[in-house]
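Protein sequence lines, in the order shown, are assigned to chains A and B.
Going by the numbering used here, the first sequence opens with residue 2, and the numbers climb by one from there.
Going by the numbering used here, the second sequence opens with residue 2, and the numbers climb by one from there.
Before any comments, here is the structure.
Number of protein chains: 2
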Amino acid sequence: MAKKTVTDYPKLWELNEVWQMLSDDEKVYINDNCTIVNFRKNEIIHKEGDVPTHMMMLAKGKVRVYKEGIGKKPQIIRMLKPCDFFAYRAMIANESSNTSVSAFEASVVYMVKKDAFMHVIETNSRFCYQFMVMMARDLGQSDRRTVNLTQKHVRGRLAEALLSLKQNYGLDDDGATISMYMSREDMANLSNMTTANAIRTLSNFVEEEIIALDGRKIKILDEDKLIRISRLG
Amino acid sequence: MAKKTVTDYPKLWELNEVWQMLSDDEKVYINDNCTIVNFRKNEIIHKEGDVPTHMMMLAKGKVRVYKEGIGKKPQIIRMLKPCDFFAYRAMIANESSNTSVSAFEASVVYMVKKDAFMHVIETNSRFCYQFMVMMARDLGQSDRRTVNLTQKHVRGRLAEALLSLKQNYGLDDDGATISMYMSREDMANLSNMTTANAIRTLSNFVEEEIIALDGRKIKILDEDKLIRISRLG
DNA sequence: AAAAAAATATGCTCTTTAGCATATTTTGTA
DNA sequence: TACAAAATATGCTAAAGAGCATATTTTTTT
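Listed below in structure tokens is the structure:
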């Protein structure tokens, strides 16, 4: 955990509007209890089972939230992008952490001390409500994901993953390349399949002219087809 | 939707302590906006895609929360027991309903009008916080379930389902029979497998003297073994 | 009580996908 | 630049589990 507390980082509330629910005093209080930490690629930010000490906001970079299942096989639960919050669920549920989080690429994380965050969320009802809405959305997403991952076949799951990456991270300037370059192994762990199957299925999509590959860059050529494959399973 | 508004039902707040977060005035307000509805076995309470109009509390009976996946195949997301809340997630996320709910057996549901519930949750921060805690727990459960269902094999998934039914509904007076008699088809939809496989695997468990079957009654003979099977996948 | 419908039980086949091996390419590092 | 390590690609085999058929039992309806 390579600490580096520099001054030229934006303030919390410049990154996510949820902080606007706080009064000026509360903002200062949270800011005083916030540390900024840099993580290198693949560095672990926190582990499943850890007792949460900070609520976190990703300021820069990309991170994966994952669980280790049977035989340590990792399942990526969700991928985060800048301004997303994490590590607060366990805190609120008063549980130890359910998931691990690691940096997909070099990332900057704002860490707010548990006590400070909990104090504000318990006393500021508008702020509390915003977090509830976030969790309600995440819960819906998680239930949808359960069905997608359990019922769809390899092709459907991978198509789904590509679409959700596009949705989450957007496209490069060419308007077709997904702005997220992940390894085949991560693709597999995201879509619940073996690495070999992720590789094979991506190759098939290339043959069928649904996507084009250039190393880890994935260009979507036929989004409609991808949507159809994802729908049919 | 067989309505039957009788007077001898307990008040909301006698069923779930969360209502104790409300002031007397708020309690009356919620009570005035609450209808009690009876559902027959297998009757649908609400459907995926419905726009939520009421937050609901199960007062009596058992209900299944499920999603229809590929080819209408239902996946049971969770089973509820009396005093559990449901149908509030979509409301809070401002989405249409993500899941369907149907009565597993004859059930009594308290339905609180959306506006009344939303008004209270937006203004009473202690009440809001309680719901946030509930959702945080559900979200953790949902993520765990995703990994269980995707990574474990049939035996592990079924063992897991039996243990969670025991956990949720408890045991009969004999201290071994799960107090929940579900069809093999429901068992299959809960554990993400075909009905034939649920039947087959239950039979195997009987042969191995892990459980005993008497129609739909399931008696757990060797819980340790069940736990081991569930752990190993 | 009889008939019909639904649920349970079991066997067989075939598809999907995991597991493994191996070759090749790319990336990171000395 | 060269070497080692990691990632990608692809083929073969085996296992898990779905799909289907059919028989039997249980439940519901007439």
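From the three backbone atoms N, C-alpha and C, an ideal C-beta is built for every residue, glycine too.
Computed from a predicted model, the values in this text were never measured in an experiment.
*Runs of beta strand (DSSP E) lying entirely within the region 65-104 of chain A, each at least 3 residues, in chain order*: DSSP assignment within the region 65-104 of chain A yields the following whole beta strand (DSSP E) runs of 3 residues or more, N-terminal first: 75-81 and 101-104.
*Mapping DSSP to helix, strand and coil, what is alanine 107 of chain A?*
Secondary structure at alanine 107 of chain A: coil, using DSSP grouped into helix, strand and coil.
*Is alanine 197 of chain B buried or exposed, if buried means 16 or more other CB atoms sit within 10 Å of its CB?*
Counting of Cβ neighbours within 10 angstroms places alanine 197 of chain B among the exposed residues, the total staying below 16.
_Short of 7 Å Cβ to Cβ, which residues in the region 57-88 of chain A face chain B?_
Residues passing the 7 Å Cβ filter: Lys68, Gly70, Ile71, Lys74, Gln76 and Ile78.
*Alpha carbon to alpha carbon, what distance is there between isoleucine 219 of chain B and aspartate 144 of chain A?*
When only Cα atoms are considered, aspartate 144 of chain A and isoleucine 219 of chain B end up about 28 Å apart.
_I need the straight-line Cα distance from tyrosine 89 of chain B to glutamate 106 of chain B, nearest angstrom please._
Tyrosine 89 of chain B and glutamate 106 of chain B have their C-alpha atoms roughly 22 Å apart.
*Can you list, in chain order, the residues of its chain whose CB lies under 6 Å from that of phenylalanine 118 of chain A, leaving out five sequence neighbours each side?*
By the criterion of a C-beta distance shorter than 6 Å, phenylalanine 118 of chain A is surrounded in its chain by Met56, once the five residues flanking it on both sides are discounted.
_Contacting positions in the region 129-157 of chain A - beta carbon closer than 7 Å to chain B_ = So the list reads Cys129, Tyr130, Phe132, Met133, Val134, Met136, Ala137, Arg138, Asp139, Leu140, Gly141, Ser143, Asp144, Arg145, Arg146, Thr147, Val148, Leu150, Thr151, Gln152 and Lys153, given in the order they occur along the chain.
*Closest Cβ-Cβ distance between glutamate 123 of chain A and chain B: below 8 Å?*
So yes, glutamate 123 of chain A belongs to the interface.
_For isoleucine 37 of chain A, count the other beta carbons within 10 Å of its own beta carbon; 16 or more makes it buried, fewer makes it exposed. Which is it?_
Counting Cβ neighbours within 10 Å, isoleucine 37 of chain A comes out buried, since at least 16 surround it.
_Among A:Cys84, A:His120 and A:Gly171, whose alpha-carbon lies nearest the alpha-carbon of valine 19 of chain A?_
Measuring from the Cα of valine 19 of chain A, the nearest candidate turns out to be A:Cys84.
_Tell me the residue span of the beta strand (DSSP E) that contains histidine 154 of chain A._
Premise fails: histidine 154 of chain A is in no beta strand (DSSP E) and is neither H nor E.
_Rounded distance between the beta-carbons of alanine 91 of chain A and serine 98 of chain A, thought under 8 Å_ = With 8 Å as the limit, serine 98 of chain A and alanine 91 of chain A qualify as a contact, their Cβ atoms being about 5 Å apart.
*Does the beta-carbon of isoleucine 179 of chain B have 16 or more other beta-carbons within 10 angstroms, so that it is buried, or is it exposed?*
Result: buried.
*Selected residue, minimal CA-CA separation from isoleucine 228 of chain B, among B:Val113, B:Ala162 and B:Asp33*: Cα-wise, what sits closest to isoleucine 228 of chain B is B:Ala162.
*If you measure from the beta carbon of glycine 50 of chain A to each beta carbon in chain B, is any gap under 8 Å?*
False, the Cβ-Cβ gap to chain B never drops below 8 Å.
*Buried or exposed for lysine 42 of chain A, please, with buried defined as at least 16 other CB atoms from any protein chain shown within 10 angstroms of its CB.*
The residue in question, lysine 42 of chain A, is exposed, as its Cβ has fewer than 16 Cβ neighbours within 10 Å.
*asked:* I need the straight-line Cα distance from arginine 79 of chain A to valine 113 of chain B, nearest angstrom please.
replied: Rounded to whole angstroms, arginine 79 of chain A to valine 113 of chain B spans 33 Å at the Cα level.
*With leucine 23 of chain B as the anchor, note down where its beta strand (DSSP E) starts and where it stops.*
Counting along the chain, no beta strand (DSSP E) covers leucine 23 of chain B, and no H or E run does either.
*Can you name, in chain order, every residue of its own chain whose Cβ lies under 8 Å from the Cβ of isoleucine 230 of chain B, other than the five neighbours on each side?*
So the qualifying residues of the chain are Arg156, Gly157, Ala160 and Ile211.
*Continuous alpha helix (DSSP H) assignments of at least 4 residues falling wholly in the region 145-199 of chain A*: Taken in chain order, the unbroken stretches of alpha helix (DSSP H) that lie wholly in the region 145-199 of chain A and span 4 residues or more are 155-170 and 185-192.
_Could you check whether the Cβ of threonine 195 of chain A sits closer than 8 Å to any Cβ belonging to chain B?_
So, not an interface residue.
*Go ahead and pull the three-state DSSP assignment for leucine 203 of chain A.*
Helix at leucine 203 of chain A.
*Out of curiosity, what's the CA-to-CA distance linking phenylalanine 132 of chain A and asparagine 205 of chain B?*
Approximately 46 Å between the Cα atoms of the pair.
*In chain order, what residues of the same chain lie with their CB nearer than 8 Å to the CB of lysine 4 of chain B, ignoring the 5 residues before and after it?*
Model confidence at lysine 4 of chain B stands at a pLDDT of 46, short of 50, so the residue's coordinates are unreliable; what they give is reported in the following sentence. For lysine 4 of chain B, where only same-chain residues beyond five positions count, the Cβ hits under 8 Å are Thr36, Val38 and Asn39.
*Distance between tyrosine 10 of chain A and aspartate 25 of chain A (C-alpha atoms, nearest Å)*: Using only the alpha carbons, I get a separation of about 19 Å.
_Rounded separation between leucine 150 of chain B and glutamate 96 of chain A - CA only_ = Near 22 Å, if we compare the C-alpha coordinates of glutamate 96 of chain A and leucine 150 of chain B.
*asked:* I'd like to confirm the pairing. Which residues does DSSP put opposite histidine 55 of chain B in its beta bridges?
replied: Per DSSP, the beta-bridge partners of histidine 55 of chain B are B:Lys114.
*How big is the Cα-Cα spacing for alanine 137 of chain B and valine 134 of chain A?*
C-alpha of alanine 137 of chain B to C-alpha of valine 134 of chain A: approximately 11 Å in a straight line.
*Below-8 Å beta-carbon distance, asparagine 99 of chain B vs any chain A residue*: Yes, contact with chain A.
*List, in order along the chain, the chain A residues whose C-beta lies closer than 8 Å to that of serine 126 of chain B?*
Per Cβ cutoff of 8 Å: Glu123, Thr124, Asn125, Ser126 and Cys129.
*If we cut at 8 Å on Cβ distances, does alanine 213 of chain A have a partner in chain B?*
Not an interface residue.
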